[in-house]
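Written out below as structure tokens is the structure these notes cover.
2 protein chains.
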Amino acid sequence: MKMSDRKKKILQIVVDEYINSAVPVSSKVIAEKHLQGVSSATVRNELASLEELGYLTQFHTSGGRVPSPQAYRFYIEELMQRGNLSESDLDYIEKAFSDRSGDVEHLIKSVSKVISDLTDYTSVAIGPHDDEEKIRNLTLLSCGEGRALLVIVTGSRILRDSFIDIPESMTDADVENASRMLAKLFDGKALSEARTVGEEALAEFGQYRQVMRGVIDALKTYTRPRDEDVVLTGADKIFNHPEYEDIENVKNFLSVISSKDKIAELIGDDNDEIQISVKIGSGDGDEVPEDCSLVTATYAAGGKNLGTYGVIGPIRMDYTKVITVLENVGKALEELVGSRGKDKDEKDRQQDE
Amino acid sequence: MKMSDRKKKILQIVVDEYINSAVPVSSKVIAEKHLQGVSSATVRNELASLEELGYLTQFHTSGGRVPSPQAYRFYIEELMQRGNLSESDLDYIEKAFSDRSGDVEHLIKSVSKVISDLTDYTSVAIGPHDDEEKIRNLTLLSCGEGRALLVIVTGSRILRDSFIDIPESMTDADVENASRMLAKLFDGKALSEARTVGEEALAEFGQYRQVMRGVIDALKTYTRPRDEDVVLTGADKIFNHPEYEDIENVKNFLSVISSKDKIAELIGDDNDEIQISVKIGSGDGDEVPEDCSLVTATYAAGGKNLGTYGVIGPIRMDYTKVITVLENVGKALEELVGSRGKDKDEKDRQQDE
DNA sequence: GTTAGCACTCTCAACCTTCAAGTGCTAACG
DNA sequence: CGTTAGCACTTGAAGGTTGAGAGTGCTAAC
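Taken in sequence, the protein lines are chains L and Z.
Numbers 1 to 353, taken from this note's numbering, label the letters of the first sequence in order.
Numbers 1001 to 1353, taken from this note's numbering, label the letters of the second sequence in order.
This is how it looks when you write it as structure tokens:
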């Protein structure tokens, strides 16, 4: 069976209406509020057909229809209408980003907060983690007991530190020496090339071979986001949405957000594909849990990854609002960071709209 | 009215029973299960009297009695019986701590996880933050745009970093120069004395005055724990306890744990007073929210603060279990860290038991 | 001081009724 | 053939009633 235009129109009405009201949608309100000129009986026929196609479900015979996950996906792909932010929302974004004094950590937090406040959903964010990031400084500090602390600072000011094992025989002076050598070797290198640089230099390091191995291992872990890089804002906002009157849904939600590992996994894995990604849980072994939806955007400016930001919430989510907010925050962010001019990527994206 | 021994005994029974069953306690079960030789009518008289004293409340006439916050406090002070951990629990602790390879961050996380797993409550932890910590390394890195990154590494391997403003006129070489001066000045100093050292050296710094100011400001913030220092484990464990079938309690709980600031404040403020602290919310403007209880222990070994760890959960908490776990974790932790010998503090504590 | 006995209160679950909402189906219409 | 009016049917939500069970407070007797 093909989807007629009227079916699409009706499906769009159902999704819109349900997103707004959180109440199953009946044929009557569709016909009366949105589709004058057609009777509710006709709408009922169409609804029955849409149900057969898998787009709608009903809890019980007299309960109106509710969109299925499949319907949401279709809605986002084809039916959804883009909106614009209100003046006050735009002002809010601008004001929030006007304070340029903070570091990245601070920026990530405020972006996350802005998104959560404007959308009224829980916001998840993961800071920039870019393999092409240049190493700005690398220092090795002796800790005694055959261990040393490796501190790496990159161009976008992300600080990474980890402990590596070193030969017990190394004195503090040896460590300092090694530190100098390492700093010289890696300074200005991108994280992506650093590993190969390290491998190549292994031979030179002679007795410090073990140290270099440790550094290389540490570098490997740096391209993956860590727990600490995941920022979560407005977890209590979920209670503003009626689906979370049900304790089961709250459990589900809390089990997701209490594991930052899991969040990082969910957000991270399509990091460099597209701009905005929507993931809807359908329950059958999906990574995103049932009754849960995750909308994220990955931002970039001047070819530099600026991190991934988004919201997590019920499937019945105001996608128009969320996506609009994400787009506007993205624009503001790109302006803020790459204020000097726009690169090709961004131009392409703007034409798409 | 004075508390007779029998009243105390009965109060203890009520609290124990309620903690175990989560069901209001009736005079009948007290008399039959715990106080043979006395009739339920007698118990009823005592219960009525205990209610008058403010230790018990009842939701409705025929609903049995429930301990008041005041009763819990009294219970913990005087009535509670110390327990011992099971073999398997002790094994679990030992196994969890046997891996010594990780850094502090890692240690904090595993301690927190152990506590959460053994108690079945949500665990909160805050890493060591000790004013007497010695500065091991201090480096200033230029970031351009009149800003620099200050990295401070302390003895117990806590890494602190923050951005400070510097005069736009400073070149990279100037920054390096300043970094060397600062490192020399602060190396080996405790955080507590560092501030005064900085103040005294202000004059010497001449044109770098602003830099030194920034460093001093940064040092000030280091004694307070930051958001990132608060670790939360097992948030979803609350659903194992019947009070959180009620959505209102979940809201309450989530609003606390979603703000790490607030947690830090709650945990941090009696940091150096006593070993184990129990805070019970009573609702009247208390810092700890109503229906919420916070049990924390501050650990130390060799005079060094090892952080504060504990659990947050419903008032009806298994205090015996929680406190026993906290004590045993503390012992294990002290052994692990200060394996070379026990200092006076710890000996004192062990005698108290 | 302790106890048995009893009236009283309150909740909880089960059950019924009513009500409104919304559907599916059928037969008629253009 | 698509559309529509009409109507029977289903279902859940809300409200009321009832009986059982639990637990108490009180009183009078020991």
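For every residue, glycine included, the Cβ atom is placed at its ideal position computed from N, Cα and C.
Query: What is the C-beta distance between valine 329 of chain L and valine 111 of chain L, in whole angstroms, given that I count them as a contact (C-beta under 8 angstroms)?; Result: 6 angstroms
Query: From the DSSP output, in three-state form, read off threonine 1196 of chain Z for me.; Result: helix
Query: Compare the C-alpha of isoleucine 1323 of chain Z against each of Z/Glu1334, Z/Lys1304, Z/Leu1294 and name the closest.; Result: Z/Leu1294
Query: Compare the C-beta of alanine 1113 of chain Z with all C-beta atoms of chain L and state if any pair is closer than 8 angstroms.; Result: The question names alanine, but residue 1113 of chain Z in the sequence shown is lysine. No - not a single Cβ of chain L is within 8 angstroms of the one on lysine 1113 of chain Z.
Query: What's the gap between the Cα of valine 1256 of chain Z and the Cα of aspartate 246 of chain L?; Result: 20 angstroms
Query: Within 8 angstroms of any Cβ in chain L, is that where the Cβ of valine 1250 of chain Z sits?; Result: yes
Query: Measuring only between beta-carbons, confirm whether isoleucine 1030 of chain Z sits less than 8 angstroms from chain L.; Result: no
Query: Secondary structure at threonine 119 of chain L, three-state DSSP: helix, strand or coil?; Result: helix
Query: Using a threshold of 8 angstroms, state whether the C-beta atoms of aspartate 318 of chain L and glutamate 243 of chain L are closer than that.; Result: no
Query: Can you tell me whether asparagine 1137 of chain Z is helix, strand or coil according to DSSP?; Result: strand
Query: In the region 136-156 of chain L, which residues sit with their C-beta less than 8 angstroms from some C-beta in chain Z, listed in chain order?; Result: Arg136, Asn137, Thr139, Leu141, Cys143, Leu149, Val151, Val153
Query: Specify the secondary structure class of arginine 1316 of chain Z as computed by DSSP and reduced to three states.; Result: coil
Query: Does DSSP put threonine 1308 of chain Z in a helix, a strand or coil?; Result: strand
Query: Taking glutamate 204 of chain L and isoleucine 216 of chain L to be in contact with their CB atoms under 8 angstroms, please state how far apart those CB atoms are, rounded to whole angstroms.; Result: Incorrect: roughly 14 angstroms between the Cβ atoms, too far for contact.
Query: Is there contact here, the region 300-317 of chain L with the region 114-129 of chain L, by at least three beta-carbon pairs under 8 angstroms?; Result: yes
Query: Identify each residue in the region 1233-1260 of chain Z for which the Cβ-Cβ distance to at least one residue of chain L is less than 7 angstroms, and report them in chain order.; Result: Ala1235, Asp1236, Phe1239, Glu1245, Ile1247, Val1250, Lys1251, Leu1254, Ser1255, Ser1258
Query: Quick test of your reading: asparagine 1137 of chain Z and alanine 1173 of chain Z, contact by CB under 8 angstroms. State the CB separation rounded to the nearest angstrom.; Result: Contact flag wrong, Cβ pair sits at about 20 angstroms.
Query: Against chain L, does aspartate 1161 of chain Z count as a neighbour if the rule is that its beta carbon must be under 8 angstroms from one of theirs?; Result: yes
Query: Taking the alpha-carbon of histidine 1241 of chain Z as reference, which of Z/Lys1113, Z/Leu1336, Z/Phe1253, Z/Met1003 has the nearest alpha-carbon?; Result: Z/Phe1253
Query: So the candidates are Z/Leu1050, Z/Glu1087, Z/Tyr1018, Z/Lys1321; which of them puts its Cα closest to the Cα of arginine 1006 of chain Z?; Result: Z/Leu1050
Query: Run through the region 57-126 of chain L for me and flag every whole alpha helix (DSSP H) of 4 or more residues, listed as ranges in chain order.; Result: 69-74, 87-98, 104-119
Query: Can you pull the chain Z residues whose beta carbon is under 8 angstroms from the beta carbon of glutamate 228 of chain L, in chain order?; Result: Glu1228
Query: Verify the contact flag: methionine 1170 of chain Z, CB atom, against every heavy atom of the ligand ATP, threshold strictly below 7 angstroms.; Result: What this structure holds is no ligand at all, so the ligand ATP is not there to describe.
Query: The beta strand (DSSP E) spanning alanine 301 of chain L covers which residue range?; Result: 293-301
Query: Quick one: give me the first and last residue of the beta strand (DSSP E) that isoleucine 384 of chain L is part of.; Result: Since the first residue shown for chain L is 1 and the last is 353, residue 384 of chain L is missing from the structure and cannot be characterised.
Query: Which first and last residues belong to the beta strand (DSSP E) in which lysine 1279 of chain Z is found?; Result: 1276-1280
Query: If you run the structure through DSSP and keep just helix, strand and coil, what is aspartate 1161 of chain Z?; Result: strand
Query: For leucine 56 of chain L and alanine 297 of chain L, I'd like the C-alpha separation in whole angstroms.; Result: 28 angstroms
Query: Thinking C-beta only, is arginine 1195 of chain Z closer than 8 angstroms to leucine 1219 of chain Z?; Result: yes
Query: DSSP on leucine 1035 of chain Z, reduced to helix/strand/coil?; Result: coil
Query: If you drop the 5 nearest sequence neighbours on each side, which residues of the same chain put their C-beta closer than 6 angstroms to that of leucine 1118 of chain Z?; Result: Asp1089, Val1325
Query: Leucine 47 of chain L to isoleucine 19 of chain L, Cα distance in whole Å?; Result: 17 angstroms
Query: Pick from L/Gly127, L/Leu185, L/Thr233: whose alpha carbon is nearest that of threonine 223 of chain L?; Result: L/Gly127
Query: Per DSSP, leucine 1053 of chain Z is paired with what?; Result: In DSSP, leucine 1053 of chain Z forms no bridge with anything.
Query: According to DSSP, which residues form a beta bridge with leucine 1185 of chain Z?; Result: DSSP output for leucine 1185 of chain Z lists no bridge partner at all.
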